[in-house]
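Chains as they are written, first to last, in our numbering: chain A, 1 to 141; chain B, 1 to 141. First comes the structure, then the notes that go with it.
Protein chains: 2
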Amino acid sequence: MTRQALSVLTLGVADLDRSRRFYKEGFGWTPVFGNEEIDFYQLNGFVFGTWLRDKLAEDMSRDAAPSGSVALAHNVGSEEEVAPLMDRLVASGGRLLRAADAPVHGGFRGYVADPDGHAWEIAHNPDWPIDEDGSVRFEPA
Amino acid sequence: MTRQALSVLTLGVADLDRSRRFYKEGFGWTPVFGNEEIDFYQLNGFVFGTWLRDKLAEDMSRDAAPSGSVALAHNVGSEEEVAPLMDRLVASGGRLLRAADAPVHGGFRGYVADPDGHAWEIAHNPDWPIDEDGSVRFEPA
């Protein structure tokens, strides 16, 4: 049984300073982490990221869409749960974008697109604990 | 001060039965509501919707993207808070997609795109209460 939960929502952006202005001054939000390519904001029960869209596209093994791109992430409790869930998603009409492997920033993940092309990252991130209700909190490594 | 919260995440889909198979059989999730054009799932702290993409595009006053479309929603506590937040987002680099008005399904909302084109609906929905931490739970009208 998979938790009905989103762990991370990532928007691909072309210019991080421009996005910071929108989210920090427009919404009035404060990031919990930021570097030269990504900002993370702790939202209600999940982490919201704005990531340079070329980096996001590379991570998804997918072309960067001109109008920006989006990745949804569902985190699971162990590395062993990643591939079986990805297999089930593909068997249910999804399309494999990237087979699961270990990214340089740690953990284990792959990507499956839903039938309309919306990308879902299925991930195990040992640094970000998952609450009982599926909520995820940003925990700097 | 705006809560750091997402209220609704809506994916535009071409075929609701095809999406149901992916989310219900693939992820194993159960919708809290569904009709001939939209399904809602209660996720951790927000509502996840899959909506026929032509309907979503019409609601956003925007063309349906060929690869599917996405709308993020930030709900506020009153109708009076909608326009000032939209104004601030536009002043911070956002682009007005649809000025705030009252949709037929109730409430009050408008749409602003972030600098990369990601659509944010700013909405007051009197039927969906907002918790202290900004979480939203689906409450059938």
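Just so it is clear, CB atoms sit at the ideal spot from N, CA and C, and this is done for glycine as well.
(1) Is there a Cβ from chain B that is less than 8 Å from the Cβ of A/Trp29?
(2) Answer yes or no: does any C-beta atom of chain A fall closer than 8 Å to that of B/Asp95?
(3) Could you tell me whether the Cβ atoms of B/Asn44 and A/Ala5 are closer together than 8 Å?
(4) Ends of the alpha helix (DSSP H) at B/Asp17?
(5) Out of A/Gly107, A/Lys24 and A/Ala71, which has the shortest C-alpha to C-alpha gap to A/Glu121?
(6) What distance in whole Å lies between the Cβ atoms of B/Phe33 and B/Asp39, which are believed to be in contact at a cut-off of 8 Å?
(7) Quick one: which residues of the region 8-25 of chain A get their C-beta closer than 9 Å to a C-beta of chain B? List them in chain order.
(8) Kindly indicate the opening and closing residues of the alpha helix (DSSP H) around B/Val82.
(9) Could you tell me which of A/Tyr41, A/Val13 and A/Thr2 sits nearest to B/Glu163, measuring between CA atoms?
(10) Using the C-alpha atoms, what's the distance from B/His105 back to B/Asp131?
(11) Quick one, are the C-beta atoms of B/Pro129 and B/Arg137 less than 8 Å apart?
(12) Can you tell me which residues form a DSSP beta bridge with B/Gly49?
(13) Please classify B/Arg95: is it buried, with 16 or more other beta-carbons within 10 angstroms of its beta-carbon, or exposed?
(14) Could you tell me how far apart the beta carbons of B/Ser19 and A/Pro115 are, in whole angstroms, since I believe they sit closer than 8 Å?
In short, the structure shows the following:
(1) By 1-based counting over the first sequence, the position of residue 29 of chain A is 29. With 8 Å as the cut-off, A/Trp29 counts as an interface residue toward chain B.
(2) For the purposes of this step, residue 95 of chain B is identified with residue 95 of the second sequence, where counting begins at 1. The sequence as given places Arg at residue 95 of chain B; Asp does not occur at that position. Chain A, which has no Cβ nearer than 8 Å to the Cβ of B/Arg95, makes this no.
(3) As a first step, residue 44 of chain B must be located in the second sequence, where it is residue number 44. As a first step, residue 5 of chain A must be located in the first sequence, where it is residue number 5. Result yes, Cβ atoms of B/Asn44 and A/Ala5 sit closer than 8 Å.
(4) What you label residue 17 of chain B is simply residue 17 of the second sequence in a count that begins at 1. Taken as a continuous stretch (DSSP letters only), the alpha helix (DSSP H) holding B/Asp17 covers Leu16 to Arg20.
(5) By 1-based counting over the first sequence, the position of residue 121 of chain A is 121. Among A/Gly107, A/Lys24 and A/Ala71, the Cα nearest to that of A/Glu121 is on A/Ala71.
(6) To locate residue 39 of chain B, count along the second sequence from 1; it is residue 39. To locate residue 33 of chain B, count along the second sequence from 1; it is residue 33. B/Asp39 to B/Phe33, Cβ: 7 Å. Contact.
(7) Leu9, Leu11, Gly12, Val13, Ala14, Asp15, Arg18, Ser19, Arg21, Phe22, Tyr23, Lys24 and Glu25
(8) Here residue 82 of chain B is taken as the residue at index 82 of the second sequence, counted from 1. Val82 to Ala91 is the span of the alpha helix (DSSP H), which, as asked, contains B/Val82.
(9) The requested residue 163 of chain B does not occur in the structure, where chain B is confined to residues 1 to 141.
(10) Mapped onto the second sequence, residue 131 of chain B falls at position 131. Mapped onto the second sequence, residue 105 of chain B falls at position 105. Taking the straight line from one Cα to the other gives about 22 Å.
(11) Stepping through the second sequence from its first residue, residue 129 of chain B is reached at position 129. Stepping through the second sequence from its first residue, residue 137 of chain B is reached at position 137. Cβ atoms of B/Pro129 and B/Arg137: closer than 8 Å.
(12) Stepping through the second sequence from its first residue, residue 49 of chain B is reached at position 49. B/Gly49 pairs with B/Thr10 and B/Phe40.
(13) The count along the second sequence starts at 1 and reaches residue 95 of chain B at position 95. Label assigned to B/Arg95: exposed.
(14) In the second sequence, residue 19 of chain B corresponds to position 19, counting from 1. In the first sequence, residue 115 of chain A corresponds to position 115, counting from 1. Their Cβ separation, rounded to whole angstroms, is 6 Å, which keeps B/Ser19 and A/Pro115 in contact under 8 Å.
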